[in-house]
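Residue numbers are given in the numbering used here: position 15 of the sequence shown equals residue 15, and the series is strictly consecutive.
Just so you know, even glycine gets a beta-carbon here, dropped at the ideal spot from N, CA and C.
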Amino acid sequence: MAQVTSAEAVKYLRKLGEQRDALLAMEKKAKSFTAAIQEDTESVRPAYDYKKVQDEIEELEGKIRQLKHSINCFNISCEVPGFNMTIDQMLVYIPQLTGRKKKLETMKARLPKERVNDAFSRGGSIIEYNYANYDIAAVEADYNTVSDELARAQNALDTVNATVQFEAEIS
């Protein structure tokens, strides 16, 4: 067991995944082969040990499971300073803020009164308008608040992920 930050654990997790993917890619290429009738099949047979490859894949997958479990335990127990939330709650909160920010961005960009363009394509002579049914200035103020909160949340989470250590199996 070693003391690691979440950022370090995630990098190691990525490395384990890449090793597993490389083994699977090698297995895909080596588990069967084609040889012409006149060729000596043993001279063109790729190196492949089924049992050894399966054992290596299983070992990597076990390490991945264990490390993900350690990260999850850390995420549900470590509180992010200034938010009264654990990391796992922040991982829900940040996408919620992002979605709210996108919605408010669209709403604040709207004009109070906009002409409907498709009235002319229907051949009608009536000019229609869409009206904002809300205070655009209030939406812009909310957008700025949400944008600032999102940045603050991301920075707080980044700080925890880069500085707070927990125990995990890294080998």
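May I ask you to report which of helix, strand or coil DSSP gives residue i?
i, result
"residue 115", "strand"
"residue 36", "coil"
"residue 167", "strand"
"residue 2", "strand"
"residue 46", "coil"
"residue 15", "helix"
"residue 30", "helix"
"residue 100", "helix"
"residue 110", "coil"
"residue 9", "helix"
Chain B beta carbons: is any one of them nearer than 7 Å to that of residue i?
i, result
"residue 130", "Absent from the structure: chain B. Only one protein chain is present."
Take the Cβ of residue i as the centre, count every other Cβ of all protein chains shown within 10 Å, and call the residue buried at 16 or more, exposed below.
i, result
"residue 84", "exposed"
"residue 143", "buried"
"residue 24", "exposed"
"residue 1", "exposed"
"residue 104", "buried"
"residue 161", "buried"
"residue 87", "buried"
In the DSSP output, which residue or residues are listed as bridge partners for residue i?
i, result
"residue 85", "80"
"residue 61", "Bridge partners of residue 61: none, in fact."
Leaving out five residues on either side along the sequence, give the residues of the same chain with a beta carbon under 8 Å from the beta carbon of residue i.
i, result
"residue 248", "This structure gives no information on residue 248, because the portion of the chain shown stretches from 1 to 171."
"residue 94", "150, 153, 154, 157"
"residue 163", "5"
For residue i, collect the residues of the same chain with a Cβ closer than 6 Å to its Cβ; drop the 5 residues on either side in sequence, then sort them by chain order.
i, result
"residue 217", "Only positions 1 to 171 of the chain appear in the structure, and residue 217 is not among them; the question remains open."
- Task: Entirely within the segment 126-165 and at least 3 residues each: give me those beta strand (DSSP E) ranges in chain order.
- Result: Runs found: 129-131.
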